[in-house]
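A.B. asks: Mind looking over this structure? Questions follow.
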Amino acid sequence: MTQKRNKSGWTLVEIAIVVAIIGVVLSLSVPNVVGIVNRSRVKAAESDLQIIAAAITQLMRDTGKLPGGQPLGTPGSPEYPINDPRCGLATNYNNIFGTRWKGPYLDRIPLDPWSTQYWYDPDYNGSPQGVITVVVSLGPNRKGGSGVVNPTYDNAGGLNHEADNVYVRILER
Ligand SMILES: [Ca+2]
Ligand SMILES: [Ca+2]
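Using this note's numbering, the letters of the sequence shown map in sequence onto residues 1 to 173.
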C-alpha cells in the first residue's frame with residue numbers, strides 16, 4: 001500500500017515524526033539554555049566577588065579597618081552595599097579610614113549579573129561555615145536571606161544566607 005503524498009513529497013506520517021522530533025529537541029534544549037545562562041551568571045558573579053574581596057582585603061590591610069570604618073575584629077559591624085561610600089572602596093568618605101587609606105581600591109563598582117548591588121556582610125549567617133565575613137550577590141531573587149534588603153545606604157537588616165546567593169568569604173588578617 002502506498003501513502004498519498006502532498007506537493008512537497010512528505011507524507012502525513014513523516015511530517016508528524018518531524019514535528020515530534022522538533023518538539024523533543026526543544027523540550028530538551030530550552031531548560032538547558034536557561035541552566036547555561038544561570039550558570040554563566042553565577043560564574044560572572046563569582047569572578048566579580050573575587051575582585052571585590054581582594055579590594056576589601058587590601059583596604060583592611062592598609063587601614064586596619066573594616067568597611068564602615070570600624071577597627072578589625074569589631075563584632076556587630078554593619079552590612080553595606082559595596083557602592084556605599086562608607087565601604088571605602090572608591091573614596092575615603094569623611095576620612096573615616098584615616099591617612100593609611102591608599103584607594104581607590106576598585107576602578108568601578110559593578111552591579112551583579114541580576115542588576116543588584118553586591119553587599120559586604122561581616123555577619124553572614126546561615127552559610128555552611130556558620131557566621132562569616134563575605135561579599136555576596138543576592139542572586140536571581142535579588143533578596144538576602146530572612147528579609148528583603150533595602151538597596152540604599154542604610155542596612156535594612158536581614159541579610160543572611162540563602163541558597164540562591166553567591167558569596168566569597170573574606171578573612172580578616
Ligand atoms: Ca548579615
Ligand atoms: Ca537571594
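Every residue gets a Cβ at the ideal spot worked out from N, C-alpha and C, and that includes glycine.
Spatial neighbours of Thr152 within its chain, please: CB distance less than 7 Å, with the 5 preceding and 5 following residues excluded, ordered by chain position.
C.D. replies: Mapped onto the sequence shown, residue 152 falls at position 152. Any reading at Thr152 needs caution, since the residue's pLDDT is 48, under 50, leaving its predicted position unreliable; the model's value is listed next. If we look at Thr152 and ignore the five residues flanking it on each side, it has no Cβ neighbours.
A.B. asks: In whole angstroms, what separates the C-alpha of Val166 from that of Val24?
C.D. replies: Within the sequence shown, the letter at position 166 stands for residue 166. Within the sequence shown, the letter at position 24 stands for residue 24. If you take the alpha carbons of Val166 and Val24, they lie about 33 Å apart.
A.B. asks: By DSSP, does Gly98 sit in helix, in strand, or in coil?
C.D. replies: Locating residue 98 in the sequence shown gives position 98, counting from the first residue. Residue state, collapsed to three classes: helix.
A.B. asks: In chain order, what residues of the same chain lie with their CB nearer than 7 Å to the CB of Met60, ignoring the 5 residues before and after it?
C.D. replies: Residue 60 sits at position 60 when you count from the first residue of the sequence shown. Cβ neighbours of Met60 beyond the five flanking positions: Leu66, Leu72, Glu172.
A.B. asks: What does Gln117 pair with, by DSSP beta-bridge criteria?
C.D. replies: Position 117 of the sequence shown, counted from the start, is the residue given in the question as residue 117. Answer is Leu111.
A.B. asks: Measuring from each Cβ to the nearest heavy atom of ligand 1, keep the ones under 6 Å and list them in chain order.
C.D. replies: My final list is Glu79, Asp121, Asp123, Tyr124, Asn125, Leu159, Asn160.
A.B. asks: Can you determine whether any heavy atom of ligand 2 sits closer than 7 Å to the C-beta of Leu174, and answer yes or no?
C.D. replies: Past the boundaries of the shown model lies residue 174; the chain is included only from 1 to 173, so the question cannot be answered.
A.B. asks: Go ahead and pull the three-state DSSP assignment for Asn125.
C.D. replies: For the purposes of this step, residue 125 is identified with residue 125 of the sequence shown, where counting begins at 1. If DSSP states are grouped into helix, strand and coil, Asn125 belongs with the strands.
A.B. asks: Could you name the residues of the same chain whose beta carbon sits closer than 6 Å to that of Ala163, not counting the 5 residues immediately before and after it, in chain order?
C.D. replies: The residue given as residue 163 occupies position 163 in the sequence shown. The answer is none, since no qualifying residue turns up.
A.B. asks: What are the residues that DSSP puts in a beta bridge with Arg169?
C.D. replies: Within the sequence shown, numbered from 1, the residue matching residue 169 stands at position 169. The partner list for Arg169 (beta bridge, DSSP) reads Val134.
A.B. asks: Where DSSP assigns a beta bridge to Tyr80, which residues make up the other side?
C.D. replies: Stepping through the sequence shown from its first residue, residue 80 is reached at position 80. Per DSSP, Tyr120.
A.B. asks: Taking DSSP's pairing of strands, which residues face Pro85 in a bridge?
C.D. replies: Working through the sequence shown from its first residue, we reach residue 85 at position 85. Beta-bridge pairing links Pro85 to no other residue.
A.B. asks: Measuring CB to CB, does Asp62 end up less than 8 Å from Trp101?
C.D. replies: Position 62 of the sequence shown, counted from the start, is the residue given in the question as residue 62. Position 101 of the sequence shown, counted from the start, is the residue given in the question as residue 101. Yes, these two residues count as a Cβ contact at 8 Å.
A.B. asks: Is the segment 125-133 touching the segment 102-116, taking contact as three or more C-beta pairs under 8 Å?
C.D. replies: No, the segment 125-133 is not in contact with the segment 102-116.
A.B. asks: Tell me the DSSP bridge mates of Pro67?
C.D. replies: For the purposes of this step, residue 67 is taken as the residue at position 67 of the sequence shown. According to DSSP, which records beta bridges pairwise, Pro67 is partnered with nothing at all.
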